[in-house]
Amino acid sequence: MKPQISDLKSHTSGSSGEADESLFEYLHAEIMNYVVSKNVPMNKDGEENLTRLEHMGFYVGYRIIERITREWPRFKEELDMIKFICTDFWPPLFQKPIDNLKTNHQGIYVLQDNEFRLLKRLGNNDSKQYLCESPRLIAFTCGLLRGSLANLGIVSIVKAEMTSLPSCKFHVEVQRV
Amino acid sequence: MAVCVAVIGKDNSPKFIKCASESCAIEFHFKVHTSIDIIEEKLNVGNKAVTDSRELFLGLLYATDEHKIFGYATNTKMKFVVVLQSSNASLRDNDVRMIFRKLHLAYANAVCNPFYIPGDEIKSKAFEAVVNEIMGLA
């Protein structure tokens, strides 16, 4: 993550040093380790409790959106916002836009990233080795998505799905009242 | 200079409001409150003619004999309202735009404070300093 996330236009070239880009990954990995080491009790079905990571992501997303949309023209509809997330919110954080966006136009969006930044160190070519640990690496980003959408006025549930490793699908379900 | 600056939340609850003098605070609160209706009208998507402009700055909401009320709404549904003295003709549209830009930046900075809980009232000294500057109280 670059220090000045508001200057979106100036750093799309990606001309910063490696150290800059790694800081977020290191910090994220340490936070993940910390949270995982803190929660000893597991859920009944053997799933880890990643709510805290998700929460952190939520508030980070909420704050980033406030800053990143400052110079943007007003969004017309929900799809505009989701597109914004895919093409302009993703790159400064994950160095690439979302690869594929699908929607049923009824409040369900699927955002697919073929080489998700936080997963790509785990192994390539459909390796299944760390598949059961990878939700730890995804929880923060799910929260990030939920928080940023929440600040844009979209209340949603975000779930992730991973089948082969460096790729990841985020399912966004918009909650209507 | 501005005589009243207000920040209104997503759900139209007051997040921050500051008036030039205590004695006319009620009057300004009333005016700001009334302007929410006009902002809502301008933001309403069903109303095609009004929503053509996608700028965050909403322009003059309404003018009375003594005051002009300007509005601004962010992408995150926060609304800013600034009340100016009508007698002050030197301030042009662009100056007002700059005021809102400053306010928006200050707000974004205030939200980025990790101790600020989203949805709470804004109690930031840095934010207040910017508002004071806008109101010429600095």
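Chains as they are written, first to last, in my numbering: chain A, 1248 to 1424; chain B, 1481 to 1618.
Glycine residues also receive a C-beta, built at the ideal position from the N, C-alpha and C atoms.
Proximal residues to residue i (C-beta, below 6 Å), its chain only, five neighbours per side dropped
i          : result
PRO1250(A) : Caution is warranted here: a pLDDT of 45 is assigned to PRO1250(A), below 50, making its placement in the model unreliable, and the coordinate value is therefore given only provisionally. Cβ neighbours of PRO1250(A) beyond the five flanking positions: none.
GLN1206(A) : Outside the displayed span of chain A (1248 to 1424) sits residue 1206(A), for which this structure offers no information.
LYS1490(B) : LYS1557
PRO1338(A) : PRO1344
ILE1497(B) : ALA1486
SER1257(A) : Per-residue confidence for SER1257(A) stands at a pLDDT of 45, beneath the threshold of 50, marking its modelled position as unreliable; the derived number appears in the next sentence. Taken in chain order, the list of residues that qualify is empty.
ILE1518(B) : LEU1541
SER1374(A) : LEU1412
GLY1616(B) : MET1481
CYS1499(B) : CYS1484, ALA1505, PHE1508
Candidates the options: closest to residue i by CA position
i          : options                                        : result
LEU1399(A) : LYS1323(A), ILE1345(A), PRO1344(A)             : LYS1323(A)
TYR1587(B) : ASN1492(B), GLU1601(B), GLY1616(B), ASP1517(B) : GLU1601(B)
ILE1223(A) : SER1493(B), LEU1585(B), SER1501(B)             : What the structure shows of chain A is the stretch from 1248 to 1424, and residue 1223(A) is not part of that stretch, so it cannot be assessed.
GLY1354(A) : GLN1376(A), HIS1302(A), VAL1424(A)             : VAL1424(A)
MET1481(B) : LYS1559(B), PRO1594(B), PHE1580(B), ALA1606(B) : PHE1580(B)
PRO1275(A) : THR1350(A), MET1328(A), GLU1301(A), PRO1344(A) : Residue identity check: residue 1275(A) is His in the sequence provided, not Pro. When only C-alpha atoms are compared, the closest one is GLU1301(A).
LEU1326(A) : ILE1315(A), LEU1396(A), VAL1307(A)             : LEU1396(A)
ARG1196(A) : LYS1498(B), ILE1614(B), ASN1589(B), VAL1611(B) : No answer is possible for residue 1196(A): it lies beyond the span of chain A, which begins at 1248 and ends at 1424.
TYR1356(A) : MET1303(A), ILE1404(A), THR1410(A), TYR1281(A) : ILE1404(A)
THR1350(A) : GLU1420(A), ASN1371(A), TYR1306(A)             : GLU1420(A)
ALA1543(B) : ASN1555(B), ARG1534(B), VAL1512(B), LYS1559(B) : VAL1512(B)
LEU1391(A) : ALA1407(A), GLU1380(A), ASP1267(A), SER1381(A) : ALA1407(A)
ARG1577(B) : GLU1535(B), ASP1545(B), GLU1608(B)             : GLU1535(B)
ILE1329(A) : VAL1402(A), ASN1286(A), SER1414(A), THR1410(A) : VAL1402(A)
CYS1333(A) : ASN1361(A), THR1410(A), LEU1366(A)             : ASN1361(A)
PHE1510(B) : PRO1494(B), GLU1608(B), GLU1520(B), ALA1569(B) : PRO1494(B)
ASN1568(B) : LYS1559(B), PHE1560(B), ASN1574(B), LYS1548(B) : LYS1548(B)
GLU1265(A) : MET1409(A), SER1374(A), LEU1297(A), GLN1342(A) : GLN1342(A)
LYS1559(B) : ASP1573(B), GLY1539(B), ASN1574(B), ASP1575(B) : GLY1539(B)
LEU1366(A) : LYS1285(A), GLU1277(A), PHE1387(A), SER1414(A) : SER1414(A)
LEU1270(A) : SER1381(A), ARG1364(A), THR1410(A), PHE1331(A) : ARG1364(A)
TYR1281(A) : ARG1299(A), ASP1267(A), GLU1268(A)             : ARG1299(A)
Own chain residues within Cβ distance below 8 Å of residue i, not counting five before or after
i          : result
LEU1571(B) : LEU1564
ILE1614(B) : MET1481, ALA1482, VAL1485, VAL1562, ILE1579, LYS1582, LEU1583
CYS1389(A) : GLU1301, GLY1304, VAL1405, LYS1406, ALA1407, PHE1417
ASN1555(B) : LEU1536
SER1566(B) : ALA1543, THR1544, ASP1545, GLU1546, HIS1547, LYS1548
PRO1598(B) : VAL1591
Partner residues on chain A for residue i, Cβ-Cβ distance less than 7 Å
i          : result
ASN1555(B) : THR1316, TRP1319, ARG1321, PHE1322, LEU1399
VAL1591(B) : ARG1310, GLU1313
ALA1588(B) : GLU1313, ARG1314, ARG1317
Residue range of the unbroken beta strand (DSSP E) whose run includes residue i
i          : result
TYR1596(B) : Segment: none, TYR1596(B) is in no beta strand (DSSP E) and carries neither H nor E.
THR1350(A) : 1347 to 1350
TYR1356(A) : 1355 to 1360
TYR1542(B) : 1537 to 1543
ILE1488(B) : 1482 to 1488
LYS1559(B) : 1559 to 1565
SER1395(A) : It is not in any beta strand (DSSP E) - SER1395(A) instead sits in the alpha helix (DSSP H) that spans 1382 to 1398.
GLY1551(B) : 1547 to 1553
PHE1417(A) : 1415 to 1421
Residue i - containing alpha helix (DSSP H), residue span
i          : result
LYS1522(B) : 1505 to 1523
GLU1502(B) : That residue, GLU1502(B), is in no alpha helix (DSSP H); it is neither H nor E in DSSP.
Cutoff 7 Å; reference residue i; Cβ partners in own chain excluding five residues on either side
i          : result
VAL1283(A) : GLU1295, ARG1383
ASN1621(B) : Nothing about residue 1621(B) can be reported from this structure: the residues present for chain B run from 1481 to 1618 only.
GLY1370(A) : GLN1376, TYR1377, LEU1412
TYR1306(A) : GLY1394
LEU1523(B) : ALA1553
Under 8 Å by beta carbon: chain A residues contacting residue i
i          : result
GLU1535(B) : PRO1320, ARG1321
HIS1584(B) : ARG1317
Proximity test, residue i beta-carbon vs the ligand PLP heavy atom, cut-off 6 Å
i          : result
ASN1398(A) : In terms of ligand content, the structure shown is empty, and the ligand PLP therefore cannot be addressed.
Interface partners of residue i on chain A, CB under 9 Å
i          : result
LYS1490(B) : ASN1398, GLY1400
PRO1494(B) : Simply none; closest approach about 18 Å.
Got a sec: which bits of the stretch 1557 to 1581 of chain B sit with their beta carbon under 7 Å from any beta carbon on chain A, in order along the chain? Of all residues in the stretch 1557 to 1581 of chain B, only LYS1557 place a beta-carbon less than 7 Å from a beta-carbon of chain A.
Cβ-based contacts, 9 Å cut-off: residues of the stretch 1395 to 1420 of chain A near chain B: Taking 9 Å as the upper bound on Cβ-Cβ separation, chain B lies near residues ALA1397, ASN1398, LEU1399, GLY1400 of the stretch 1395 to 1420 of chain A.
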